[in-house]
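Protein chains: 2
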Amino acid sequence: MSKLTVLNPSGPVTGDNHALLPIGWKRGLDVSRPKNDTFLRALLRQPTEYTPVWLMRQAGRYLPEYCETRKRAGSFLQLCKSPAMACEVTLQPLARYDLDAAILFSDILTVPDAMGLGLYFAEGEGPRFERPLREEWEIRNLFAPDPHVELQYVMDAVAEIRRALDGSVPLIGFSGSPWTLACYMVEGGSSDDYRRVKSMAYSRPDLMHHILSVTADAVVKYLNAQIEAGAQAVMVFDSWGGVLSEAAYKEFSLPYLERVVSGLIRERDGERVPSIVFTKGGGLWLESIAGIGSDAVGLDWTMDIGRARQLVGDKVALQGNLDPNVLFAPPEVVAAETRKVIDAFGAHPGHVFNLGHGISQFTPPENVAVMVDTAHEHSRIVRAQG
Amino acid sequence: MSKLTVLNPSGPVTGDNHALLPIGWKRGLDVSRPKNDTFLRALLRQPTEYTPVWLMRQAGRYLPEYCETRKRAGSFLQLCKSPAMACEVTLQPLARYDLDAAILFSDILTVPDAMGLGLYFAEGEGPRFERPLREEWEIRNLFAPDPHVELQYVMDAVAEIRRALDGSVPLIGFSGSPWTLACYMVEGGSSDDYRRVKSMAYSRPDLMHHILSVTADAVVKYLNAQIEAGAQAVMVFDSWGGVLSEAAYKEFSLPYLERVVSGLIRERDGERVPSIVFTKGGGLWLESIAGIGSDAVGLDWTMDIGRARQLVGDKVALQGNLDPNVLFAPPEVVAAETRKVIDAFGAHPGHVFNLGHGISQFTPPENVAVMVDTAHEHSRIVRAQG
Chain B
1278 MSKLTVLNPS
1288 GPVTGDNHAL
1298 LPIGWKRGLD
1308 VSRPKNDTFL
1318 RALLRQPTEY
1328 TPVWLMRQAG
1338 RYLPEYCETR
1348 KRAGSFLQLC
1358 KSPAMACEVT
1368 LQPLARYDLD
1378 AAILFSDILT
1388 VPDAMGLGLY
1398 FAEGEGPRFE
1408 RPLREEWEIR
1418 NLFAPDPHVE
1428 LQYVMDAVAE
1438 IRRALDGSVP
1448 LIGFSGSPWT
1458 LACYMVEGGS
1468 SDDYRRVKSM
1478 AYSRPDLMHH
1488 ILSVTADAVV
1498 KYLNAQIEAG
1508 AQAVMVFDSW
1518 GGVLSEAAYK
1528 EFSLPYLERV
1538 VSGLIRERDG
1548 ERVPSIVFTK
1558 GGGLWLESIA
1568 GIGSDAVGLD
1578 WTMDIGRARQ
1588 LVGDKVALQG
1598 NLDPNVLFAP
1608 PEVVAAETRK
1618 VIDAFGAHPG
1628 HVFNLGHGIS
1638 QFTPPENVAV
1648 MVDTAHEHSR
1658 IVRAQG
Chain P
1278 MSKLTVLNPS
1288 GPVTGDNHAL
1298 LPIGWKRGLD
1308 VSRPKNDTFL
1318 RALLRQPTEY
1328 TPVWLMRQAG
1338 RYLPEYCETR
1348 KRAGSFLQLC
1358 KSPAMACEVT
1368 LQPLARYDLD
1378 AAILFSDILT
1388 VPDAMGLGLY
1398 FAEGEGPRFE
1408 RPLREEWEIR
1418 NLFAPDPHVE
1428 LQYVMDAVAE
1438 IRRALDGSVP
1448 LIGFSGSPWT
1458 LACYMVEGGS
1468 SDDYRRVKSM
1478 AYSRPDLMHH
1488 ILSVTADAVV
1498 KYLNAQIEAG
1508 AQAVMVFDSW
1518 GGVLSEAAYK
1528 EFSLPYLERV
1538 VSGLIRERDG
1548 ERVPSIVFTK
1558 GGGLWLESIA
1568 GIGSDAVGLD
1578 WTMDIGRARQ
1588 LVGDKVALQG
1598 NLDPNVLFAP
1608 PEVVAAETRK
1618 VIDAFGAHPG
1628 HVFNLGHGIS
1638 QFTPPENVAV
1648 MVDTAHEHSR
1658 IVRAQG
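These protein sequences, in sequence, are chains B and P.
Throughout the first sequence, residue numbering follows my numbering, covering 1278 to 1663 in sequence.
Throughout the second sequence, residue numbering follows my numbering, covering 1278 to 1663 in sequence.
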């Protein structure tokens, strides 16, 4: 299985188990190596030699090297706001695993922070805002921030990561969805029941739509600036869409996802920039989500991906969807469950293997290697048989 | 709208707005009044004059009279374990609202407590077990407790509530599902990610199945004892089934729900005892859930109930499914959203109106009256038109 190379961000990483990877592709930063665009092709439902893999939250606390960099940064927010350190942690999982994409290291709440809400992280409590949206005048004063002023640090990180990746694998940019950002902005942080934001949605839909509308504009600007800075695909995380009723989802989340997707730059330097939309808990509305114009839809682990593929047909690629908790099982179970996801999707084009949710901080790193390598190897076998 | 009568558990409650209710039916404890069996008939998909209503967690902290009784009890557990006080709080919501069923006041964790795990409630932290299941020998020692020994206090409460209800509305008994109880038993309390229990399910499925098997036996005995003590319908709460993947749900939760349902007493004193199964977050698996033999399936608020009815056809009745957060909106919105649920289900038999989840402790009690009365009144109109 994959080796556990210690990260060396200053130079290329050598590989020893790439017999099954496309000729000429090796991990690392060497400019002479051909680009691995498997991930981008899969998102566009073009044939690929194997199923590409990346992991939500792949640069994270389960990696000791990440914890070291974070300690050095002083805080999570300082880590996000330092382009050099954001670049360093973005590359860490690529040094360990045969991943087919990098994802910008950042937080989904950078946009509301740039709107002036004052993001901070209370120890052990997750993100909080100093000035959550509570009064009508605060809501009426909302503005879509200029990504090249308030969010320039993100664009600098994107550019620096692109340079460091040096054409090895594509870089994914991302944002929270309007509804998900609005949840945090109104609640003031995470919530058990989304009482405040749903109260507003049901009591003052006019105010809710105003927040969502301004936030959708902000997200479009933010993602397009990331694309201009070098992001080669973008993903919109609708982490809290699944807490809504079907009717409320179709009023408060889905239309704003659609607005974001339709505002995105579709091509950059002659290359398509694919988009992925992910509503956690959105399995019931999959067909609607597949109709808003994104190239791919992310799936959490609750829906069988084979059934999902039948439902969406040729409309979109699918990304997912192993339960992150499978990674706590012994390696042979990790491999077996990974194969099941690959088998369920089958030999069709348009699958990006991922977890169904961000990787847990408690994950044994060696099990990630088993999963990544199994997904690659088994998907080659399925294609050969398919 | 409904009056807000202060509870007077020692005598009948008078009604002033029952013009639309069946002749002869008034709330209260008077033995001469005919029984309101609308709820039972709806569960069996028999025609009813209106859609019956009850609320998950209807006896709860949103009612000041409940908070008073709980204070008097000293703790939540003492309240559960005192048949007289459990009876008192069970009746409280019926004194305020035109509800069509009472539900036993108890906790879903009484069964693992009776298995010796030591249930306690840490202030502000929810339920915890002193002795969660961690070691194989602990799991191998698990036993299905005799409901007439360790859980006699529950049976006493059921009998006392039946006497106090005096034939006015049916009494619902309930239990947690095997999977949901196992989650608490292995995790030791609530969990964000169900890491421990899923680790066990994936790593040691043999141990997991042993826990589920013993727990399913315990649940069958427990519910049948409730039926013998006087429960006229039973509900199984699978609160955490929705955190599983489709394959894991069909391995670790659904078969044990089926085993519970098939072990239940189906008739008592010549009357059918209907069963309801509720997997929160189970919308994606609705058709499978509808096939395990229960009379009704509970729906959380995420799935449109009209679509759910189309999917299940004539197989089962449906119970649900207003988002509890709607109750934070102004009364006219509460009424409009209630009508939408009634309209979505339509004029077919087999609907029990409920929330899609337990009522929030922060709910304004006056909005509950609006919802209950609107569901009754609007469902009569829909039937008249239908």
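From the three backbone atoms N, C-alpha and C, an ideal C-beta is built for every residue, glycine too.
These numbers come from a predicted model, not from an experiment.
Taken in chain order, the whole alpha helix (DSSP H) runs of length 4 or more contained in the segment 1389 to 1435 of chain P are 1413 to 1417. Cβ-Cβ distances below 6 angstroms link P:Asp1494 to Ala1421 in the same chain, with the five nearest sequence neighbours on each side left out; the list follows chain order.
Chain order gives the chain B residues near P:Asn1602 as Asp1470, Tyr1471, Arg1472, Lys1475, Ser1476, Tyr1479, where near means a beta carbon separation below 8 angstroms. Counted as a single uninterrupted DSSP element, the beta strand (DSSP E) harbouring P:Ser1552 occupies residues 1552 to 1556. Look at B:Ser1637: its C-beta is under 9 angstroms from a C-beta on chain P. Between the C-alpha atoms of P:Leu1340 and P:Ser1359 there is a straight-line separation of about 19 angstroms. In this structure, the beta-carbon distance from P:Gly1453 to P:Ile1385 falls below 9 angstroms. The CB of B:Met1580 comes closer than 8 angstroms to the CB of Glu1523, Leu1561 in chain P, given here in chain order.
Taking 8 angstroms as the Cβ-Cβ cut-off, the segment 1637 to 1653 of chain P approaches chain B at Ser1637, Phe1639, given in chain order. Out of P:Gly1558, P:Gly1583, P:Gly1590, the CA that lies nearest to the CA of P:Asp1572 is found in P:Gly1590. Sixteen is the threshold: since fewer than 16 other Cβ atoms of the shown chains lie within 10 Å of the Cβ of B:Asn1418, the residue is exposed. Following the DSSP letters along the chain, one finds P:Asn1644 inside the alpha helix (DSSP H) bounded by residues 1642 to 1662. In the DSSP assignment, P:Ile1449 forms a beta bridge with P:Ile1380, P:Ala1510. Of all residues in the segment 1343 to 1374 of chain P, none places a beta-carbon less than 9 angstroms from a beta-carbon of chain B. Residue P:Leu1458 holds the alpha-carbon nearest to the alpha-carbon of P:Val1388 among P:Phe1382, P:Leu1458, P:Gln1355, P:Phe1622.
Nearest Cα to P:Tyr1461 within the set P:Ala1508, P:Phe1451, P:Lys1475, P:Glu1505: P:Lys1475. B:Ala1436 places its beta carbon 9 angstroms or farther from that of B:Thr1367. For B:Val1593, the secondary structure class from DSSP, reduced to helix, strand or coil, is coil. Around the C-beta of B:Pro1601, 16 or more other C-beta atoms lie within 10 Å, and the residue is accordingly described as buried.
According to the DSSP secondary-structure assignment, B:Ala1573 is paired through a beta bridge with B:Ile1553, B:Ala1594.
P:Phe1630 has P:Val1330, P:Gly1597 as its beta-bridge partners, per DSSP.
Beta-bridge annotation (DSSP): P:Arg1545 is paired with P:Glu1548. Flagged as an interface residue toward chain P: B:Ala1606, by a C-beta distance shorter than 9 angstroms. CA-to-CA, the gap between B:Ala1506 and B:Asn1631 works out to about 25 angstroms. Listed along chain B, no residue sits closer than 8 angstroms to P:Gly1590 by beta-carbon distance, the nearest being about 18 angstroms off. The shortest C-alpha to C-alpha distance from B:Leu1500 to any of B:Trp1517, B:Asp1546, B:Gly1450, B:Ser1490 is the one to B:Gly1450. Note on B:Ala1378: 16 or more other CB atoms within 10 angstroms of its CB, so buried under the neighbour-count rule. Rounded to the nearest angstrom, the gap between the Cα atoms of P:Glu1464 and P:Ile1488 is 13 angstroms. Residues of the segment 1509 to 1533 of chain B with a C-beta less than 9 angstroms from any C-beta of chain P: Gly1519, Val1520, Leu1521, Ser1522, Glu1523, Ala1524, Ala1525, Tyr1526, listed in chain order. A direct Cα-to-Cα measurement between P:Thr1315 and B:Gly1519 gives close to 33 angstroms. At a cut-off of 9 angstroms between beta-carbon atoms, B:Val1574 makes no contact with chain P.
In terms of Cα proximity to B:Glu1412, the closest of B:Val1446, B:Leu1484, B:Met1362 is B:Leu1484. Looking at the DSSP output, P:Asp1515 bridges to P:Thr1556.
Secondary structure of B:Gly1351 (DSSP, three-state): coil. Listed in chain order, the non-local C-beta contacts of B:Ser1539 below 7 angstroms within the same chain comprise Gly1570, local neighbours out to five positions each way being set aside.
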